[in-house]
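Residue numbers (the numbering used here), protein chains in the order written: chain H, 1 to 226; chain X, 227 to 640.
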């Protein structure tokens with residue numbers, strides 16, 4: 001039987017501003033098998049990023065249930081959710097979200113530092129990942145000393161340093177020029193392939209979506225039928 | 227890069243590492259650097275002010291108490307009418323810390339000289355001018371050997387004001403009456419000046435004392451107020467000696483108990499006022515530290531506001547709210563400890579320099595000292611540092627509480 005890494009049932013989420021309520025997700029049901037590579041596509045405002053944030057335990061749904069690796073997120077408090085994010089989920093955001101006052105190596109080491117990994121092991125892993133994405137010579141560089149593509153590669157390494165079973169990427173190439181975007185995407189796909197990481201990737205780009213094994217299309221807060 | 231790696235290796239857990247980075251903030255973020263320095267600097271100034279104020283107060287109090295102790299009997303035992311003086315004297319001699327003892331009597335009276343009358347406290351001494359009437363000048367201290375040395379000892383200031391020479395005669399009058407054919411009359415004696423003593427400037431009562439040999443004093447004031455004056459050995463503690471005397475007296479019930487009074491009893495009100503004064507100054511200056519602590523809350527809030535996105539990223543990477551709170555509590559603690567330690571060092575160094583250099587001068591004829599004395603006491607320093615760190619840590623806790631409310635996704639979106 002196929003192991004389910006991510007399960008969602010009846011997910012709903014609305015944003016309220018003053019009296020205006022915007023329903024973003026309306027009853028999403030979703031199963032992602034372990035090791036799957038899933039693209040989430042859809043027009044702007046269709047709820048792609050919101051869905052990713054809910055699945056990544058960064059936000060809570062208004063209704064519905066999410067299970068990550070068999071754990072019901074609704075039963076966990078904020079501290080437990082943080083521990084789960086650290087150990088189970090790797091994030092790559094559209095804008096790298098690197099810590100500006102920390103070097104590339106330190107940024108990659110940060111999840112391990114939070115997770116309490118031993119310093120030599122953590123440093124070995126982080127340096128190895130940066131080497132793998134071609135930044136072995138830039139370990140001590142700060143984010144403002146790196147190009148956009150380099151920053152996103154550092155962010156990818158940071159997402160993988162804890163060797164999480166699940167990787168969530170929110171338009172990881174959306175802010176890059178085509179060449180840099182292609183390089184980052186290639187690395188992301190290759191690295192998740194080598195590690196067998198379950199991956200959900202939000203993208204606008206149909207070409208990127210077509211390189212994924214499964215494509216989910218969000219329309220008006222619902223998964224559109226194929 | 228190597229330096230960075232080495233530094234990373236040395237770091238402790240996540241909370242300490244991040245707090246230290248924010249604390250140093252030597253890179254890029256000028257606002258945080260400024261805020262940290264203002265906060266720590268404000269605390270340092272508050273603590274330094276507190277230490278200096280307490281050191282000046284301690285310095286004055288120390289000098290005042292020295293002065294008072296020098297001119298007040300250290301320990302005396304009351305002699306009631308039937309008291310066995312020799313037994314008590316031998317009892318006292320056996321207690322460690324007692325150097326010697328002699329009988330003294332007290333009584334009120336007046337000095338009369340060329341129509342000027344002055345109310346005085348007469349002190350009759352048995353063997354020699356008591357040590358608490360220091361700086362004897364003129365005749366000899368021994369009033370028991372008769373002759374010209376048997377006379378009055380006055381405060382040097384009075385001798386100078388009345389322009390008295392040794393041997394000059396002064397009339398002493400007391401309210402103790404004698405029955406005469408003309409009815410009850412106050413007692414009076416015309417006595418020569420034996421010498422003078424230094425009464426100091428700390429207490430006007432010292433200048434009002436007039437000493438004279440015991441038999442002369444008894445003839446003028448009787449012996450209703452009679453005491454065994456116990457002179458302590460150098461360095462002896464009056465409290466310990468008093469306990470020793472009381473313990474010794476308990477083993478001699480036939481002596482009928484012991485009523486002791488020490489310089490602390492004589493100056494109980496003064497000592498209370500000094501303690502009260504110190505407490506009041508402490509409370510007043512602690513307000514400065516409290517204001518600085520509010521600055522710490524404000525600084526932490528501003529640092530948090532400027533680091534909100536980073537806190538959100540750390541949260542997204544798995545830093546739990548309680549751990550992020552700890553980061554800011556540690557940061558507040560570092561600001562508090564650095565400010566407190568800096569202020570403690572600054573206050574102590576300035577106090578020592580001001581005391582040794584005698585930079586702050588005072589009119590010596592008005593005050594008991596000619597400069598502002600500073601005395602940093604270890605206990606005061608410990609109380610100041612501990613209370614400041616406690617107050618500022620509380621402030622840091624208040625400031626750090628907001629961190630837990632930050633939603634990672636909201637912070638990242640901003």
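Each residue gets a CB set at the ideal place from its N, CA and C atoms; glycine is no exception. Quick caveat, the model's predicted, so the values are computed rather than measured.
Self-check item: Alpha carbon of residue 155(H) to alpha carbon of residue 163(H), nearest angstrom
Solution: The alpha-carbon separation between residue 155(H) and residue 163(H) amounts to approximately 14 Å.
Quiz item: Looking at C-alpha atoms only, which residue of 301(X), 563(X), 455(X), 546(X) is the closest neighbour of residue 610(X)?
Solution: When each option's Cα is compared against that of residue 610(X), the closest is 563(X).
Practice problem: Drop a sphere of 10 angstroms on the beta-carbon of residue 144(H), count the other beta-carbons inside from all chains shown, and report buried for 16 or more, exposed for fewer. | Solution: Its Cβ having fewer than 16 others within 10 Å, residue 144(H) is exposed.
Quiz item: If you measure from the beta carbon of residue 552(X) to each beta carbon in chain H, is any gap under 8 Å?
Solution: Not one beta carbon of chain H lies nearer than 8 Å to the beta carbon of residue 552(X).
Practice problem: Please determine if the region 282-298 of chain X and the region 598-617 of chain X are in contact, where contact requires at least 3 C-beta pairs separated by less than 8 Å. | Solution: Short answer: they touch.
Quiz item: Between residue 90(H) and residue 198(H), which are expected to be in contact by the criterion C-beta below 8 Å, what is the C-beta distance as a whole number of angstroms?
Solution: In this structure residue 90(H) does not touch residue 198(H) by the C-beta definition: roughly 10 Å separates them, more than the 8 Å allowed.
Quiz item: Assuming residue 350(X) contacts residue 443(X) under a Cβ cut-off of 8 Å, what Cβ separation, rounded to an integer in Å, is found between them?
Solution: Between residue 443(X) and residue 350(X) the Cβ distance is about 2 Å, and since that is below 8 Å, they are a contact.
Practice problem: Count the other C-beta atoms from every protein chain shown that fall within 10 angstroms of the C-beta of residue 243(X), then say buried if there are 16 or more, exposed otherwise. | Solution: Buried, because 16 or more other Cβ atoms sit within 10 Å of the Cβ of residue 243(X).
Quiz item: For residue 64(H), which three-state DSSP category applies?
Solution: Three-state result, residue 64(H): strand.
Quiz item: Using a C-beta to C-beta distance shorter than 7 Å, which residues of chain X count as neighbours of residue 115(H)?
Solution: Within chain X, 544 have C-beta atoms less than 7 Å from the C-beta of residue 115(H), given in sequence order.
Quiz item: If you draw a straight line from the C-alpha of residue 277(X) to the C-alpha of residue 573(X), how long is it?
Solution: Their Cα atoms are separated by approximately 5 Å.
Self-check item: Expected contact under 8 Å - CB spacing of residue 587(X) and residue 596(X) to nearest Å
Solution: About 7 Å separates the beta carbon of residue 587(X) from that of residue 596(X), a gap short enough to meet the 8 Å contact definition.
Quiz item: Can you list, in chain order, the residues of its chain whose CB lies under 7 Å from that of residue 108(H), leaving out five sequence neighbours each side?
Solution: For residue 108(H), where only same-chain residues beyond five positions count, the Cβ hits under 7 Å are 126, 129, 130, 154, 157, 158, 161.
Quiz item: Run through DSSP, which three-state label would residue 394(X) get?
Solution: Residue 394(X): coil per DSSP, three-state reduction.
Quiz item: Hey, quick one: how far does the beta strand (DSSP E) through residue 325(X) stretch, first residue to last?
Solution: Element bounds for residue 325(X): 324-339.
Quiz item: Shorter than 8 Å from the beta carbon of residue 243(X) to some beta carbon of chain H?
Solution: Chain H contact via Cβ: present.
Quiz prompt | Exposure of residue 86(H), with buried meaning 16 or more beta-carbon neighbours within 10 Å | solution = So residue 86(H) counts as buried.
Quiz prompt | Own chain, CB closer than 6 Å to residue 274(X), minus 5 neighbours either side, in chain order | solution = Cβ neighbours of residue 274(X) beyond the five flanking positions: 569, 572, 573.
Exercise. Return helix, strand or coil for residue 548(X), following the three-state DSSP convention.
Key: In the three-state scheme derived from DSSP, where H, G and I count as helix and E and B as strand, residue 548(X) is classed as helix.
Exercise. State whether the region 166-173 of chain H contacts the region 199-207 of chain H, with contact taken as three or more CB pairs (one from each stretch) at a distance under 8 Å.
Key: Taking 8 Å as the limit for Cβ pairs, the verdict is that the region 199-207 of chain H does touch the region 166-173 of chain H.
Self-check item: Those residues which DSSP pairs with residue 93(H) across a bridge
Solution: According to DSSP, which records beta bridges pairwise, residue 93(H) is partnered with nothing at all.
Quiz prompt | Backbone CA spacing between residue 380(X) and residue 437(X) [nearest angstrom] | solution = Note on geometry: alpha-carbon atoms of residue 380(X) and residue 437(X) lie some 7 Å from one another.
Quiz item: Hey, is residue 638(X)'s beta-carbon within less than 8 Å of any beta-carbon in chain H?
Solution: Chain H contact via Cβ: present.
Quiz item: Among 492(X), 304(X), 261(X), which has the Cα closest to the Cα of residue 531(X)?
Solution: Of the candidates 492(X), 304(X), 261(X), the one whose C-alpha sits nearest the C-alpha of residue 531(X) is 261(X).
Self-check item: Helix, strand or coil at residue 355(X) [DSSP, three-state]
Solution: Reduced to three states, the DSSP call for residue 355(X) is coil.
Practice problem: Using three-state DSSP, classify residue 31(H) as helix, strand or coil. | Solution: Looking at residue 31(H) - three-state DSSP - the assignment turns out to be strand.
Practice problem: Measure the alpha-carbon distance for residue 11(H) versus residue 42(H) and round it to whole angstroms. | Solution: The C-alpha of residue 42(H) is placed about 17 Å away from the C-alpha of residue 11(H).
Self-check item: Own chain, CB closer than 6 Å to residue 634(X), minus 5 neighbours either side, in chain order
Solution: Excluding residues within five positions, the ones whose Cβ falls inside 6 Å are 538, 541, 542.
Quiz item: Do residue 322(X) and residue 426(X) have their C-beta atoms closer together than 8 Å?
Solution: It is not a contact, given that the beta carbons lie outside the stated cut-off.
Self-check item: N-terminal and C-terminal residue of the alpha helix (DSSP H) that residue 215(H) is part of
Solution: No alpha helix (DSSP H) holds residue 215(H); the beta strand (DSSP E) holding it covers 214-219.
Quiz prompt | Continuous beta strand (DSSP E) stretch holding residue 199(H): start and end | solution = 198-202 is the extent of the beta strand (DSSP E) around residue 199(H).
Exercise. Please report how far the alpha carbon of residue 409(X) lies from the alpha carbon of residue 348(X), in whole angstroms.
Key: Distance from the CA of residue 409(X) to the CA of residue 348(X), rounded to the nearest whole angstrom, comes to 25 Å.
Quiz item: How big is the Cα-Cα spacing for residue 195(H) and residue 65(H)?
Solution: Rounded to whole angstroms, the gap between the alpha carbons of residue 195(H) and residue 65(H) is 28 Å.
Quiz item: Whose Cβ in chain H lies nearer than 8 Å to the Cβ of residue 569(X)?
Solution: Ordered by position in chain H, no residue passes the 8 Å Cβ test against residue 569(X), which lies about 28 Å from the chain.
Quiz item: How about the region 449-457 of chain X and the region 384-395 of chain X: do they share at least three Cβ pairs that are nearer than 8 Å?
Solution: They do not touch, by the three-pair rule.
Practice problem: Can you grab the Cα-Cα spacing for the pair residue 643(X) / residue 619(X), in whole Å? | Solution: What the structure shows of chain X is the stretch from 227 to 640, and residue 643(X) is not part of that stretch, so it cannot be assessed.
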